[in-house]
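Chains as they are written, first to last, in this note's numbering: chain R, 13 to 232; chain B, 13 to 232. Backbone N, C-alpha and C fix where the C-beta goes; we use that ideal spot for every residue, glycine too. Working notes, structure below.
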């Protein structure tokens, strides 16, 4: 793979950029991270993702692939060596895609709504998030990771639940993802965060906390 | 395939159900359409799509696959005979997925916003829809269909643009998708609608117009 150029236009603390980094590291692909400043978008970002102008963008030998879940499928289809991100079986693949989409459509917005709300409205956003988290708690029953014994598409898509969610709840001052209420999600979080590639790739919790504090101020 | 049971829980006029029907017919798969009444959801729908409780749901030998774009990928991966819905090459696949997602994330909501708005607000929704339609007009340059010479994932995902959009604009009394403003999309619409499978599958324009009128009343 020495003749391959792999670049990632990304942002250090971005949930979506980190998904791609996890996948590349799982597959053992060397890549250059080209950090983006979203307040002053680079000509490279505007050129390679003219439609959405968002990170992450994977550049593979000059070809641009956008949208994090689509990038994960591209990586899995392009580099067959290393652990698989999606399973082989079409039904298992559809199940993985379903839950990865659920992370993006339901879990991710629900968590951000907690952060953006106050008072009574926040109570409602917590209820909504709790309901969606219970849905994935239920899906994890009897399994170590979403796809079975190994980290796969849904776990990578859910990196947000394992780390960012906890940081946000900490800043907001809410205990939500407790071992009592969410025993499977709590175990999953521990298993996910103790994986070598994940540990190497995700930012340290304290750094993320500091950055959130500095970016958004204390939220309460 | 005589030993395979393929059922589709769907709704007659649904853009999303029709995507699945197109794909099944393209592949030559016999299926039973089980019409759903969304105002009184069936035990079957609640059982097989407990998370979203939405159509379409594909039941293949009792296994349920939900979310129309995910179902399209499942069909393509399961029945290798017949025309391909996604291309072989990973980069071409990622491009197809990108535009199919764009149909769902941008085009579809923009069109519904036109329908749901009035007066000045409607002017804004038309501007927004025009901008997104120009993006796909541009993507079609130099190609017959989104993936090349044959109908594929993005065209099927865009069935809405070829038929429902025209019906909605007719009811609303707006000329938007003209040959002058959108020459490529206009040609694409003609090519798409004159395809044998598409003609067989999509509802007749007049029937759709009548149903929209009866369901929603004249909008202006």
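To the nearest angstrom, how far is the alpha carbon of residue 120/R from that of residue 183/R?
In the first chain, counting from the first residue as 1, residue 120/R sits at position 108. In the first chain, counting from the first residue as 1, residue 183/R sits at position 171. One C-alpha to the other measures close to 17 Å.
Report the rounded CA-to-CA distance for residue 210/B versus residue 191/B, giving the unit in angstroms.
The count along the second chain starts at 1 and reaches residue 210/B at position 198. The count along the second chain starts at 1 and reaches residue 191/B at position 179. For residue 210/B and residue 191/B, the distance between alpha carbons rounds to 21 Å.
With DSSP as the reference, please indicate the residues paired to residue 157/B in a beta bridge.
The count along the second chain starts at 1 and reaches residue 157/B at position 145. The beta-bridge partner set that DSSP reports for residue 157/B consists of 160/B.
What are the boundary residues of the alpha helix (DSSP H) that residue 46/B is part of?
To locate residue 46/B, count along the second chain from 1; it is residue 34. Segment 44-47 is the beta strand (DSSP E) holding residue 46/B; no alpha helix (DSSP H) there.
In terms of residue numbering, what span does the beta strand (DSSP E) encompassing residue 76/R cover?
Start at 1 with the first residue of the first chain, and residue 76/R comes out as number 64. Per DSSP, residue 76/R belongs to the beta strand (DSSP E) from 75-78.
Would you check if the distance between the CB atom of residue 86/B and the CB atom of residue 97/B is smaller than 7 Å?
Within the second chain, residue 86/B is the residue found at index 74, counting from 1. Within the second chain, residue 97/B is the residue found at index 85, counting from 1. No, Cβ-Cβ distance for residue 86/B and residue 97/B is not below 7 Å.
Buried or exposed: which applies to residue 80/R, given that a residue is buried once 16 or more other Cβ atoms fall within 10 Å of its Cβ?
Here residue 80/R refers to the residue found at position 68 of the first chain. In the assembly as shown, residue 80/R is a buried residue. Its beta-carbon has 16 or more other beta-carbons within 10 Å.
Strictly below 8 Å CB to CB, what residues from chain B border residue 5/R?
With chain R covering 13 to 232 only, the question about residue 5/R has no answer from this structure.
Please report the Cβ distance between residue 84/B and residue 25/B, rounded to the nearest whole angstrom; I am assuming they are in contact, meaning their Cβ atoms lie under 8 Å.
Stepping through the second chain from its first residue, residue 84/B is reached at position 72. Stepping through the second chain from its first residue, residue 25/B is reached at position 13. Contact flag wrong, Cβ pair sits at about 19 Å.
Given that residue 134/B touches chain R, what residues does it touch there, using C-beta distances under 8 Å?
Taking the second chain and counting its residues from 1, the one referred to as residue 134/B is at position 122. What residue 134/B touches in chain R: nothing, since even the nearest Cβ is about 25 Å away.
Quick one: what's residue 22/B bridged to in DSSP?
To locate residue 22/B, count along the second chain from 1; it is residue 10. Its beta-bridge partners are 47/B.
Let me check understanding here. Comparing Cα to Cα, which of 62/R, 75/R and 160/R lies closest to residue 19/R?
Along the first chain, read from residue 1 onward, the residue named residue 19/R stands at position 7. Residue 75/R is the option with its Cα nearest to residue 19/R.
Determine the closest residue to residue 160/R out of 105/R, 193/R, 59/R and 226/R, with distance taken between C-alpha atoms.
Position 148 of the first chain, counted from the start, is the residue given in the question as residue 160/R. The candidate whose alpha carbon is nearest that of residue 160/R is 105/R.
Taking the alpha carbon of residue 149/B as the reference point, which residue from 135/B, 201/B and 219/B has its own alpha carbon closest?
Along the second chain, one-based indexing puts residue 149/B at 137. Nearest C-alpha to residue 149/B: 201/B.
So which of 37/B, 41/B and 29/B has the shortest CA-CA distance to residue 48/B?
Working through the second chain from its first residue, we reach residue 48/B at position 36. Among 37/B, 41/B and 29/B, the Cα nearest to that of residue 48/B belongs to 29/B.
With a CB to CB cut of under 8 Å and the five nearest residues on each side skipped, what residues in its chain are close to residue 32/B?
Taking the first residue of the second chain as 1, we reach residue 32/B at position 20. Here the set comprises 20, 22, 68, 70, 80, 83, 84 and 87.
Given that residue 113/R touches chain B, what residues does it touch there, using C-beta distances under 9 Å?
The residue given as residue 113/R occupies position 101 in the first chain. In chain order: 79, 81 and 82.
Would you list the one or two residues that DSSP bridges to residue 209/R?
Locating residue 209/R in the first chain gives position 197, where the first residue counts as 1. In DSSP, residue 209/R forms no bridge with anything.
Taking residue 105/R as the query, report the chain B residues whose CB atoms sit under 8 Å from its CB, ordered along the chain.
Mapped onto the first chain, residue 105/R falls at position 93. Simply 85, 86 and 89.
Applying a beta-carbon distance threshold of less than 7 Å, which residues of chain R neighbour residue 102/B?
On the second chain, position 90 is the one that residue 102/B refers to. The contacting residues are 86, 89 and 90.
Under the three-state reduction of DSSP, which class applies to residue 69/B: helix, strand or coil?
Here residue 69/B corresponds to residue number 57 of the second chain, with the count starting at 1. Residue state, collapsed to three classes: strand.
For residue 150/R, name the three-state secondary structure that DSSP assigns.
Within the first chain, numbered from 1, the residue matching residue 150/R stands at position 138. Here residue 150/R sits in helix by DSSP.
Where does the unbroken alpha helix (DSSP H) through residue 107/B begin, and where does it stop?
One-based indexing of the second chain puts residue 107/B at position 95. Start and end: 102-114.
Alpha carbon to alpha carbon, how far is residue 197/R from residue 178/R?
Locating residue 197/R in the first chain gives position 185, where the first residue counts as 1. Locating residue 178/R in the first chain gives position 166, where the first residue counts as 1. Distance between the alpha carbons of residue 197/R and residue 178/R is about 12 Å.
For the stretch 135-154 of chain R, which residues have a beta carbon sitting closer than 8 Å to at least one beta carbon of chain B?
147
Please compile the residues from chain R whose C-beta is within a distance smaller than 9 Å of the C-beta of residue 53/B.
For the purposes of this step, residue 53/B is taken as the residue at position 41 of the second chain. What residue 53/B touches in chain R: nothing, since even the nearest Cβ is about 18 Å away.
Reducing DSSP to helix, strand and coil, say where residue 124/R ends up.
If you number the first chain from 1, residue 124/R lands on position 112. Residue 124/R: helix per DSSP, three-state reduction.
Excluding the five sequence neighbours on either side, which residues of its own chain have a C-beta within less than 7 Å of the C-beta of residue 262/R, listed in chain order?
No answer is possible for residue 262/R: the residues shown for chain R start at 13 and end at 232.
What do you get for residue 167/R, buried or exposed, if any count of 16 or more other CB atoms within 10 angstroms of its CB means buried?
Numbered from 1 along the first chain, position 155 holds the residue referred to as residue 167/R. The residue is buried, with at least 16 neighbouring Cβ atoms inside 10 Å.
Please list the partners that residue 31/B has in chain R, where partner means a Cβ-to-Cβ separation under 7 Å.
Residue 31/B sits at position 19 when you count from the first residue of the second chain. The premise fails here: residue 31/B is roughly 15 Å from chain R at the closest Cβ pair, so nothing lies under 7 Å.
Here's a check: name, in chain order, each residue in its chain whose Cβ is nearer than 7 Å to the Cβ of residue 153/R, leaving out the five neighbours to either side.
Residue numbering aside, residue 153/R sits at position 141 when the first chain is read from its first letter. Counting only Cβ-Cβ distances below 7 Å, and skipping sequence neighbours, we find 196.
Just the Cα atoms here: how many angstroms apart are residue 232/R and residue 171/R?
The residue labelled residue 232/R in the question sits at position 220 within the first chain. The residue labelled residue 171/R in the question sits at position 159 within the first chain. Confidence in residue 232/R is poor, its pLDDT being 44 and thus under 50, which makes the residue's placement unreliable; the coordinate value appears in the next sentence. For residue 232/R and residue 171/R, the distance between alpha carbons rounds to 24 Å.
Would you please verify whether the beta carbon of residue 196/R is less than 7 Å from any beta carbon of chain B?
To locate residue 196/R, count along the first chain from 1; it is residue 184. In terms of beta-carbon proximity, residue 196/R stays away from the interface with chain B, with every pair separated by 7 Å or more.
Cβ of residue 158/B less than 7 Å from any chain R Cβ?
Here residue 158/B is taken as the residue at index 146 of the second chain, counted from 1. No, its Cβ sits nowhere closer than 7 Å to a Cβ of chain R.
Ordered along the chain, which non-local residues of its own chain (more than five positions away) have a Cβ less than 7 Å from that of residue 156/R?
Residue 156/R sits at position 144 when you count from the first residue of the first chain. Counting only Cβ-Cβ distances below 7 Å, and skipping sequence neighbours, we find 203.
Would a check of beta-carbon distances place residue 10/R closer than 7 Å to chain B?
With chain R covering 13 to 232 only, the question about residue 10/R has no answer from this structure.
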